[in-house]
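Chemist: Residues 0 to 229, numbered by numbering that gives the first Met the number 0, are exactly what the sequence shown covers, in order.
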Amino acid sequence: MDLSSPGDTAVRLLGRQPYAATLQAMRDFTAARNEATADEIWLVEHEPVFTQGLAGQAGHLLAPGDIPVVATERGGQVTYHGPGQVVAYPLLDLRRRGYFVKEYVFRIEAALLDTLADAGVTGHRVRGAPGIYVRLDDPFGHAALPPPLPGADPMRGLGKIAALGIKVSRHCTYHGLALNVAMDLEPFGRINPCGYAGLRTVDLATLGVSATWDEVAPRLAAHLQRRLAP
0 MDLSSPGDTA
10 VRLLGRQPYA
20 ATLQAMRDFT
30 AARNEATADE
40 IWLVEHEPVF
50 TQGLAGQAGH
60 LLAPGDIPVV
70 ATERGGQVTY
80 HGPGQVVAYP
90 LLDLRRRGYF
100 VKEYVFRIEA
110 ALLDTLADAG
120 VTGHRVRGAP
130 GIYVRLDDPF
140 GHAALPPPLP
150 GADPMRGLGK
160 IAALGIKVSR
170 HCTYHGLALN
180 VAMDLEPFGR
190 INPCGYAGLR
200 TVDLATLGVS
210 ATWDEVAPRL
220 AAHLQRRLAP
């Protein structure tokens, strides 16, 4: 399904897609594009798969079992994709849009925060840990996170609800972000999510929010279109 309007970045709701084929399609799209190629945002749902980023360490993959592991060129450590998770792949020319990678990441996180806010959930950024987190004791409260005490665990009391892992080639982005909606979270226990031992992973369902992929994906797409605009 194509949600784009005239003048917008083309948004494609692709539904359930195999990870390996989607990865190759992103690579092909990025390698073939030129200055005239229109930007796109793909939204998909994957069958169970663990993906390793360039910084991935084998020690963070604890017990993959029957779930395949795919090495990728994105940034970051190991993460999990599976049914009930909205995965978005922005395929953008950053030079044409007029901002750099740091701002690109900030804008992606802002779109995730907006999407969570639509569901009444307050998301948080954690310095040095890309992605979005929620307070496990008060996911709907609006208080800002207190600064971590010296030597304290900055993830204490938090659950990760969205992950980021991007790649930029010739100023063009691929890979992207994943928002947990209503998943089987057990596979996250087989890894140290994004390299953090013991970090709890949550989804909207864990927080008591009833939502489906089909409901959340268009909302995330709309927020990404707006936040990533030039």
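We put the beta carbon where it would ideally sit given N, CA and C, even for glycine.
Which runs of the alpha helix (DSSP H) fall wholly inside the segment 70 to 145 and span at least 4 residues, in chain order?
Modeler: 93 to 96, 100 to 117
Chemist: Answer yes or no: do Val104 and Leu157 have a C-beta to C-beta separation smaller than 8 Å?
Modeler: Residue numbering aside, residue 104 sits at position 105 when the sequence shown is read from its first letter. Residue numbering aside, residue 157 sits at position 158 when the sequence shown is read from its first letter. No, the Cβ-Cβ distance between Val104 and Leu157 is not below 8 Å.
Chemist: Grouping DSSP H, G and I as helix and E and B as strand, with all else coil, what is Val167?
Modeler: Locating residue 167 in the sequence shown gives position 168, where the first residue counts as 1. Reduced to three states, the DSSP call for Val167 is strand.
Chemist: In the DSSP assignment, find the alpha helix (DSSP H) that holds Arg226 and state where it starts and stops.
Modeler: For the purposes of this step, residue 226 is taken as residue 227 along the sequence shown, with counting starting at 1. Residues 212 to 226.
Chemist: In whole angstroms, what separates the C-alpha of Glu44 from that of Val86?
Modeler: One-based indexing of the sequence shown puts residue 44 at position 45. One-based indexing of the sequence shown puts residue 86 at position 87. Computed Cα separation, rounded: 6 Å.
Chemist: May I have the straight-line CA-CA distance separating Phe28 from Val167, to the nearest angstrom?
Modeler: For the purposes of this step, residue 28 is taken as the residue at position 29 of the sequence shown. For the purposes of this step, residue 167 is taken as the residue at position 168 of the sequence shown. Taking the straight line joining both Cα atoms gives about 13 Å.
Chemist: Just the Cα atoms here: how many angstroms apart are Arg15 and Glu46?
Modeler: Taking the first residue of the sequence shown as position 1, residue 15 is located at position 16. Taking the first residue of the sequence shown as position 1, residue 46 is located at position 47. Looking at the two C-alpha atoms, the distance is approximately 7 Å.
Chemist: What does the alpha-carbon distance come out to for the pair Ser209 and Arg189?
Modeler: Numbered from its first residue, the sequence shown carries residue 209 at position 210. Numbered from its first residue, the sequence shown carries residue 189 at position 190. One C-alpha to the other measures close to 25 Å.
Chemist: What is the DSSP secondary structure of Arg199, counted as helix, strand or coil?
Modeler: Locating residue 199 in the sequence shown gives position 200, where the first residue counts as 1. Judged by DSSP in its simplified three-state form, Arg199 adopts strand.
Chemist: For Gly52, is the classification buried or exposed, using 16 other Cβ atoms within 10 angstroms of its Cβ as the cut-off for buried?
Modeler: Taking the first residue of the sequence shown as 1, we reach residue 52 at position 53. Gly52 is buried by the Cβ-count criterion.
Chemist: DSSP three-state call for Thr36: helix, strand or coil?
Modeler: Residue numbering aside, residue 36 sits at position 37 when the sequence shown is read from its first letter. Coil, per DSSP.
Chemist: Taking CB distances under 8 Å as the criterion, tell me whether Val104 reaches chain D.
Modeler: This model lacks chain D altogether, as it is built from one protein chain only.
Chemist: Do the segment 171 to 181 and the segment 144 to 152 make contact, defined as three or more Cβ pairs closer than 8 Å?
Modeler: no
Chemist: My output table needs one value for Glu46: the three-state DSSP class, helix, strand or coil.
Modeler: Position 47 of the sequence shown, counted from the first residue, corresponds to residue 46. Glu46 falls in the coil class under three-state DSSP.
Chemist: Have a look at Ala128, Arg226, Val68 and flag the residue whose alpha-carbon is nearest the alpha-carbon of Pro153.
Modeler: In the sequence shown, the residue the question calls residue 153 occupies position 154. Selected option, being the one with the closest Cα: Ala128.
Chemist: Cα separation between Glu214 and Gly58?
Modeler: Taking the first residue of the sequence shown as 1, we reach residue 214 at position 215. Taking the first residue of the sequence shown as 1, we reach residue 58 at position 59. So the two alpha carbons sit approximately 36 Å from each other.
Chemist: Between which residues of its own chain and Ala220 is the CB-CB distance below 8 Å, once the five residues before and five after are set aside?
Modeler: Counting from one through the sequence shown, the residue named residue 220 turns up at place 221. So the qualifying residues of the chain are Leu2, Val10, Leu12, Ile40, Leu42, Ala87.
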